[in-house]
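There are 2 protein chains.
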Amino acid sequence: VQRRVKPSPADREALKEAAVSIISEIDLLARDSNQEVKGILVGSAARDTWLAGDHDLDIFLAVPENGDLEKAMAIARQVATDYEEKYAEHPYVHARINGFEVDLVPCYRLQDASCLKSAVDRTPFHTKYIAARISGLEDEVLLLKQFMKGVGVYGSELKVGGFSGYLTELLILRYRSFLGTLEAACGWRPEETIDLEGRGKVFSEEPLIVIDPVDPGRNVAAALTLDKMFQFVAAARCFLKDPHLEYFFPNKPSPLSDRELLQAIDERGSQMVLVEFEAPAVVEDVLFPQLRKAEGAVKALLERNDFSLLRSDVDAIGKRALMLFELESWELSSVYKRRGPPVWEEAHMARFLTSHPDPISGPYIEDGRAVLELSRKYTRACDLLAEELPRLSLGKHLAPAVRSGYKIYVGPELAGIPGNELRLFLTSYLKARLRMG
Amino acid sequence: VQRRVKPSPADREALKEAAVSIISEIDLLARDSNQEVKGILVGSAARDTWLAGDHDLDIFLAVPENGDLEKAMAIARQVATDYEEKYAEHPYVHARINGFEVDLVPCYRLQDASCLKSAVDRTPFHTKYIAARISGLEDEVLLLKQFMKGVGVYGSELKVGGFSGYLTELLILRYRSFLGTLEAACGWRPEETIDLEGRGKVFSEEPLIVIDPVDPGRNVAAALTLDKMFQFVAAARCFLKDPHLEYFFPNKPSPLSDRELLQAIDERGSQMVLVEFEAPAVVEDVLFPQLRKAEGAVKALLERNDFSLLRSDVDAIGKRALMLFELESWELSSVYKRRGPPVWEEAHMARFLTSHPDPISGPYIEDGRAVLELSRKYTRACDLLAEELPRLSLGKHLAPAVRSGYKIYVGPELAGIPGNELRLFLTSYLKARLRMG
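So the protein sequences, as listed, match chains A and B.
Letter 54 of the first sequence, counting from 1, is numbered 54 in the numbering used here, and no numbers are missing.
Heads up, the numbering used here is the position in the second sequence plus 1000, with the first residue counted as 1.
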């Protein structure tokens, strides 16, 4: 594994060269325009904890505490020719330079991490903290990162909800090795707390709590979900029992063929409903929370209407946003039971009866309550979805996207939709199986 | 109403004559066989609170406190020629004599109702208590009884769970008139307590509590169900607002035709499943509790298997026992979700995973728990019923009856079953509608 994850001396040289050249360019542009802007290499490249094959560079453009980030942005735009502007808390430039993916991020240059002006201002402090302590443990970080990648828990972006690079580095500082981290993880429970400097604020109700050494009020693992945390724990247990290269370098899943897909759907005997619409043009960290919120709203809609949901998932593939729902029951009787107030609450009951003047049957009494049997508006889950989806509260960017049109595919129709990535999404849904035992 | 419910002088004469003749016969037979057995007229006939058209006589055969009930049974058998033996707490004779339905019930002759040897021994005390107080209120009792009959809440047998004759008499003693009782009932709530002699034991969690004046440890309304109690209350409210003869003498429901039945089933869009088997040869008071218990067991079976029940009912028609189930969802996915223990409980989780070695999908993690997706044994409610019914705990007499064979009718098949009474059962199920508003 070491051999495959550790960058070669040539790779290192190339990366260093690229970084140095970009930073000199920044400093040159700053001097020419008489701006106090300074290029700083941060992230895994700065700490020698980047995985072989990664060609990512994080370079910050620091302005003085009372400076203007827009000045730094102006320089960032000049550094690159092939670039796009992105937007997190502040705008930044994502560029391709000599085969590297480079994030050029304006930030403030601060004395102390306790008085941040922006979330990214913390990063240089992280780099300093790790660089000063990680020496000799870099390879352990690489192993842990690659293991996490392999078992699907690496990445703190909201789509994944896994472990960030900085978090893996802190884990190695805490447990001193890759295997030590895995062994420790086997004993983790929710609210597990790691506080390297022993001065953190008390957190609770978070899955994993890792106090940020440079900002003790912050949980470095805040983006980690309970399920990703324990996916890592389960994988760690299995690996320690029976180590395999595959944990680090899993076989790429191959998409099911049309026939296999239809077979899998048939074996499940459920009703799968896929909703597709055009993804709004926002970054994944904005899109995914809205997709998940919409997923929850649809789930609540189905349950409110007495349908039973088995499982669901969302994805965004290029410009297509996808929401998949699998139903345990998808067709119900026309008649449904509406329980009213107790018969001894006369006024309540009278209001209940007059508000439903034309029941299919009833009123009758059950457990002392008036009951009416009324006609259901939607007897089929897919009709309910098709009709009510645009009326749900779907989030700022998703709502207009859905309202401008969506398609619904039901059951075997799913096999007819083109697109390899969509097929992979369906495949991984149908074949969901973690290493846990 | 008075005119229709009050027996004519000729009816009274005939009833009195029949009672006197049977009692003299008993006394004669007792003297001849040298037994100390005495005939006593009890029940509504003894209190002048019987409804016109009723031809029921309750005659008790009392033996001394230390006597032998079997001696009384021997005499009862000789009184009648057209009779059958029945069995409640003790055996008794049900006979047809000169157009009357006569219950000949052996009992002990006691000084005091507080030391009963059998439940029926209380009855002569009831007769004495009411006869001494009801004079002048007999017509009010008749109105109340007929009203209760008309709205379907009269009869303390377990099949009905309504008001007994003795209970209606006590209500009239308490509220002094038919209308007074209805007005009082409008204010009833659960655990309403009536204690004429003001010395009753404290009951709770019973719908209506009417302390027995001759046995203060007993609730006369113990057999009344919450729902029948409030069916009476709801009818009382409606009647007081808009009195009609129909409350006393409702139109007999006419059974739906085949076409109407199919239409009603279609309108409901549910799945109706009727189970039919031979009723065991026991009295209704034994049969109905077992039928209701079986109904509950089937309901639990359906819910355990994720089907959703809308409503159900049971009946016994001649030698046919019937259980009707109406399903809101009757077909489910093959796959179902089995939630296991939290991933951090390693040993539990390992046992969970090894006990289901071949899931359709999973394991995966949801809310920190291991989840497997397994194959359901029954995807259709009617298959589940057909297969599992004989394995349920169905009660002493019902279990062998069901095991010796049953038929299941589903949906439109219900329209093809012969029998007018069965059709009436289905009709009253489908058209369930009480006067409540």
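For every residue, glycine included, the Cβ atom is placed at its ideal position computed from N, Cα and C.
Three or more Cβ pairs closer than 8 Å define a contact, and the region 254-265 of chain A meets that threshold against the region 410-427 of chain A. Judged by DSSP in its simplified three-state form, C115/A adopts helix.
Within the region 369-386 of chain A, the residues whose Cβ lies closer than 7 Å to any Cβ of chain B are, in chain order, A370, T379.
At least one beta carbon of chain A lies nearer than 8 Å to the beta carbon of R1433/B. Under the Cβ criterion of 8 Å, A1350/B is counted among the residues facing chain A.
For F288/A, there is no enclosing beta strand (DSSP E); the residue is part of the alpha helix (DSSP H) that begins and ends at 284-304.
Secondary-structure assignment with DSSP links G1039/B through a beta bridge to L1061/B. Under the DSSP definition of a beta bridge, K1407/B partners with E1276/B. A straight line joining the alpha-carbon of L245/A with that of E101/A spans about 28 Å. For a Cβ distance threshold of 7 Å, nothing in chain A lies close to Q1146/B: the least Cβ distance comes to about 21 Å.
In the same chain as E1140/B, and ignoring 5 residues on each side of it, the C-beta atoms closer than 7 Å to its own belong to I1172, S1177, F1178, in chain order.
A Cβ of chain B is located within less than 8 Å of the beta carbon of K337/A.
Close CB contacts of A1297/B within its chain, under the 8 Å cut and outside five residues either way in sequence, are with L1392, S1393, L1394 (chain order). Given a length threshold of 3 residues, each whole run of the beta strand (DSSP E) inside the region 1069-1138 of chain B is given here in chain order: 1083-1087, 1091-1097, 1100-1108. The C-beta of Q231/A comes closer than 8 Å to at least one C-beta of chain B.
Counting the other Cβ atoms within 10 Å of the Cβ of C115/A gives fewer than 16, which makes it exposed.
Residue contact with chain B for T49/A: absent (no Cβ-Cβ distance below 8 Å to any residue of chain B).
Leaving aside the five residues that flank G150/A on each side, the residues in its chain whose CB is nearer than 7 Å to its CB run, in chain order, Y247, F248, F249, P250. When C-beta distances to chain B are compared with 8 Å, the residues of the region 211-235 of chain A below that value are L226, D227, F230, Q231, V233, A234, in chain order. With 16 or more other Cβ atoms inside 10 Å of its own Cβ, D1212/B counts as buried.
Judged by DSSP in its simplified three-state form, G1362/B adopts strand. DSSP places E1192/B inside the beta strand (DSSP E), whose first and last residues are 1192-1194. Of all alpha-carbon atoms in E267/A, D266/A, I317/A, Y166/A, the one lying nearest the alpha-carbon of W50/A is that of Y166/A. The region 1231-1246 of chain B and the region 337-349 of chain A touch, with no fewer than 3 CB-CB distances between them shorter than 8 Å.
Listed along chain A, no residue sits closer than 8 Å to P1400/B by beta-carbon distance, the nearest being about 31 Å off. Against chain B, the CB of T427/A has no partner CB under 8 Å away; the residue lies outside that interface.
When DSSP states are grouped into helix, strand and coil, E1328/B belongs to the strand group. By the beta-carbon neighbour count (other beta carbons within 10 angstroms, threshold 16), Q1271/B is buried. DSSP places L1394/B outside both helix and strand once states are collapsed to three, so it counts as coil. When the alpha-carbon of K293/A is set against those of R268/A, K396/A, S361/A, G187/A, the nearest one is in K396/A.
Between Y87/A and the set D112/A, D285/A, V153/A, the nearest pair of CA atoms involves D285/A. In this structure, P1106/B lies near A1072/B, with their beta-carbon atoms less than 8 Å apart.
Residue environment analysis places C382/A among the buried positions, since at least 16 neighbouring C-beta atoms fall within 10 angstroms of its C-beta. For K1337/B, the uninterrupted beta strand (DSSP E) run begins and ends at 1335-1342, by DSSP. In terms of beta-carbon proximity, L310/A lines the interface with chain B, with at least one pair separated by less than 8 Å.
A contact between stretches requires three or more CB pairs, one per stretch, nearer than 8 Å, and the region 216-228 of chain A meets this requirement with the region 156-166 of chain A.
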